[in-house]
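Residues in the sequence shown are numbered consecutively from 40, following the numbering used here.
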Amino acid sequence: MPIVIDQMSEDPIYQQIRTQVIGAIATGELSPGEPLPSVRSLARDLGVNLHTVNKAYAVLRDEGYLIMRGRSGAFVADIRDSPVHHLTAEQDWLMGKELRRLAVAFRARGGSESAFVEEAARQARAAFQAEKTLVKGAGGDER
């Protein structure tokens, strides 16, 4: 799973790493139990400080996306077995805050509420369809 850092982005680097790992999990590119690169190797590959990668992994662990196995490293958690499978109140609040930020930006560019809701629904369908597409193997059998 290639992670690409945008040095011009307003998002902190650890957040960019977090977002891309979550995206890879959501689309099935990363599967439960799959190991992630070590903190040192990912930091080296990305050309960032190892504390930045460590922070991204720690946030992902705290959110239930990763499990840490001592010296063995970070692995994708089976979110269905995770104690944080459901959204916590904080995650729910953060998602709402992000959706509101996007809605405000859309409105500032002249967009209407109905156009925003339509686009959000289209993006949600695309995200969930991508998951279904990657889960099905050749011949319709699940991987």
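For every residue, glycine included, the Cβ atom is placed at its ideal position computed from N, Cα and C.
All values derive from a computational prediction rather than experimental measurement.
Residue from the options whose Cα sits closest to the Cα of residue i
i: residue 134; options: 87, 58 and 63; result: 58
i: residue 138; options: 159, 44 and 40; result: 159
i: residue 98; options: 166, 61, 153 and 149; result: 61
Three-state secondary structure assigned by DSSP to residue i
i: residue 105; result: strand
i: residue 156; result: helix
i: residue 115; result: strand
i: residue 163; result: helix
i: residue 175; result: Below a pLDDT of 50, predicted positions are generally treated as unreliable, and residue 175, at 41, falls in that range; the measurement from the model is reported next regardless. DSSP places residue 175 in strand when its eight states are reduced to three.
Span of the alpha helix (DSSP H) around residue i
i: residue 78; result: 78-85
i: residue 57; result: 52-66
i: residue 138; result: 128-147
Other residues of its chain near residue i: CB distance less than 8 Å, five sequence neighbours each side excluded
i: residue 164; result: none
i: residue 88; result: 82
Same chain, Cβ closer than 6 Å to residue i, five either side skipped, listed in chain order
i: residue 85; result: 44
i: residue 109; result: none
Spatial neighbours of residue i in its chain, beta-carbon cut-off 7 Å, leaving aside the 5 residues before and after
i: residue 179; result: Low confidence applies here, because residue 179 scores a pLDDT of 42, under 50, leaving its location unreliable; read the following figure in that light. Contacts found: none.
i: residue 40; result: 63, 68 and 69
i: residue 142; result: 155
i: residue 128; result: none
i: residue 136; result: none
Touch test, the region 73-81 against the region 106-113, Cβ-Cβ under 8 Å, three pairs minimum: yes
Cβ contact (3+ pairs, closer than 8 Å) linking the region 46-60 and the region 80-94: yes
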